[in-house]
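Asks:
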Amino acid sequence: MSARELVVLGTASQVPTRHRNHNGYLLRWDGEGILFDPGEGTQRQMLLAGVSAHDVDRICVTHFHGDHSLGLAGVIQRVNLDRVPHPVTAHYPASGQHFFDRMRYATAYRETVRLAERPATGDGCVLADSGAYTLQARRLSHPVESYGYRLTEPDGRRMVPGRLAARGIRGPAVGRLQREGVLETDGRRVTLEEVSEVRRGQRFAFVMDTRMCEGALELAEGCDLLVIEATFLDEDAGLAEEYGHLTAGQAGLVAARAGVRHLVLTHFSQRYTDPDAFARQARAAGYGGGLSVARDLDRIPVPARV
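Letter by letter, the sequence shown follows residues 6 to 311 of the working numbering.
1) Extract the residue ranges of the alpha helix (DSSP H) inside the region 54–129, only unbroken runs of 4 or more that lie entirely within it.
2) Give me the Cβ distance between Phe211 and Arg25, rounded to the nearest whole Å; I'm assuming they're in contact under 8 Å.
3) So the candidates are Ile174, Arg175, Gly129, Ala170; which of them puts its Cα closest to the Cα of Arg155?
4) Which class does Leu40 belong to by DSSP, given the choice of helix, strand or coil?
5) Give the single residue among Ile64, Leu145, Phe69, Phe104 whose Cα lies nearest to the Cα of Leu120.
6) Specify the secondary structure class of Asp301 as computed by DSSP and reduced to three states.
7) Alpha carbon to alpha carbon, how far is Gly173 from Leu182?
8) Rounded to whole angstroms, what is the Cα-Cα separation between His73 and Asn28?
9) How far does the beta strand (DSSP E) with Gln141 in it extend, from its first residue to its last?
10) Which one or two residues does DSSP pair with Pro306 in a beta bridge?
11) Under 8 Å by Cβ, that's how I've got Gly294 and Arg266 pegged, so tell me the actual separation to the nearest angstrom.
12) Determine the DSSP secondary structure at Asp191, reduced to helix, strand or coil.
13) So, using beta-carbon positions, are Ala287 and Gly257 closer together than 9 Å?
14) In this structure, what does DSSP give as the bridge partners for Val131?
15) For the alpha helix (DSSP H) that contains Ala225, what are its first and last residues?
16) What is the DSSP secondary structure of Leu258, reduced to helix, strand or coil?
17) Please check the pair His70 and Asp279, which I expect to be a contact at CB under 8 Å, by giving their CB distance rounded to whole angstroms.
18) Quick one: what does DSSP say Met213 is sitting in, helix, strand or coil?
19) In this structure, how does DSSP classify Ala17 when only helix, strand and coil are distinguished?
20) From what residue to what residue does the alpha helix (DSSP H) around Glu185 run?
21) Counting C-beta neighbours from all protein chains within 10 Å, is the total for Val187 16 or more, i.e. buried, or is it exposed?
22) Okay, do the region 245–252 and the region 213–233 touch, 3+ Cβ pairs below 8 Å being the bar?
23) Looking at the structure shown, is Thr47 part of a helix, part of a strand, or coil, going by DSSP?
24) Using a Cβ-Cβ cut-off of 7 Å (strictly less than) and excluding sequence neighbours within five positions of Tyr292, which residues of its own chain qualify?
25) Distance check for Thr271 and His103, CA to CA, integer angstroms please.
26) Given Glu226, which residues of its chain have a CB within under 6 Å of its CB, disregarding the five upstream and five downstream residues?
27) Flag this pair as yes or no: are the beta carbons of Leu77 and Val93 separated by less than 9 Å?
28) Is the Cβ-Cβ distance between Val12 and Leu230 less than 9 Å?
29) Name, in chain order, the residues that DSSP records as bridge partners for Arg33.
30) Which residue wins for smallest C-alpha separation from Glu247, given the options Glu198, Val149, Asp160?
31) Which residue's Cα is closest to the Cα of Gly136: Arg144, Ser151, Tyr114, Gly161?
32) Classify Val20 as buried or exposed, calling it buried when 16 or more other Cβ atoms lie within 10 Å of its own Cβ.
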């Protein structure tokens, strides 16, 4: 199991099919699990994918259409039934508070887990800053208020062995230099910057129901892994605009403009039967990086650092 991977639980849009469940995606990130858009049937898909309620630390809902949120009630109750030992935090559009409340208390059950609510209240808002990553939300363009999410790992530093050797720094002295940022050795002052280089933090974005908009591009900018809806094929661009969605070509264009390393297309309309058509149209739009046309129960690793 990769320390950083996307577990795909469902890939259908409004109507599930024989082969595609409603939405659901779990991002594993260094021991933490972030569940995105749990649609109807997510509990069962978790079972099939080997995902436990104990794996869920955050729940992120982009908007309150049923295919993105009807599984909330079951997931919240399962987290409590299994007595998950850690707190769980839920993020969702603040304008949909009444929908979230209905899902949270849809039926009677015993609450055993502390569920914190941290709704998105403005464009570009920071929802969490754990030190290990920052989670932000940006407004998208859909008939109901919808947010996309972006996870950003802070930049770090990578020690360069040749530079350390040239300055005679080895053993415990390396750790001391990393902790303190400066080291006195053989009468010389060596700084961390002299013997290391920037290690760019990884970035992940989750962009669901939206038309082409600045928010989608900003969320995707420089991402190592982008999960994005491609509800329609390009020949149905008029329908995509009318109902607030992207085509496969538009999703590919977002990824190309944003410099995405690996693109995951998902949220497919039931009207299409050829998954390869989505990949062809994303490529035709100019995207040349890694590409996955998501299938239920896929596991897609976050690309290794460059």
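Idealized CB from N, CA, C, for every residue including glycine. Since the model is a prediction, treat every value here as computed from it, not as a measurement.
Replies: Inspection of the coordinates gives the following:
1) 71–74, 77–86, 102–109
2) Actually they do not touch by this definition, with Cβ atoms about 18 Å apart.
3) Gly129
4) strand
5) Ile64
6) coil
7) 12 Å
8) 6 Å
9) 139–144
10) Glu10
11) 5 Å
12) coil
13) yes
14) Gln141
15) 219–225
16) helix
17) 25 Å between Cβ atoms; not a contact.
18) coil
19) strand
20) 177–185
21) exposed
22) yes
23) helix
24) Gly257, Ala260, Ala261, Leu268
25) 28 Å
26) Ala263
27) no
28) no
29) Glu10, Gly38
30) Val149
31) Gly161
32) exposed
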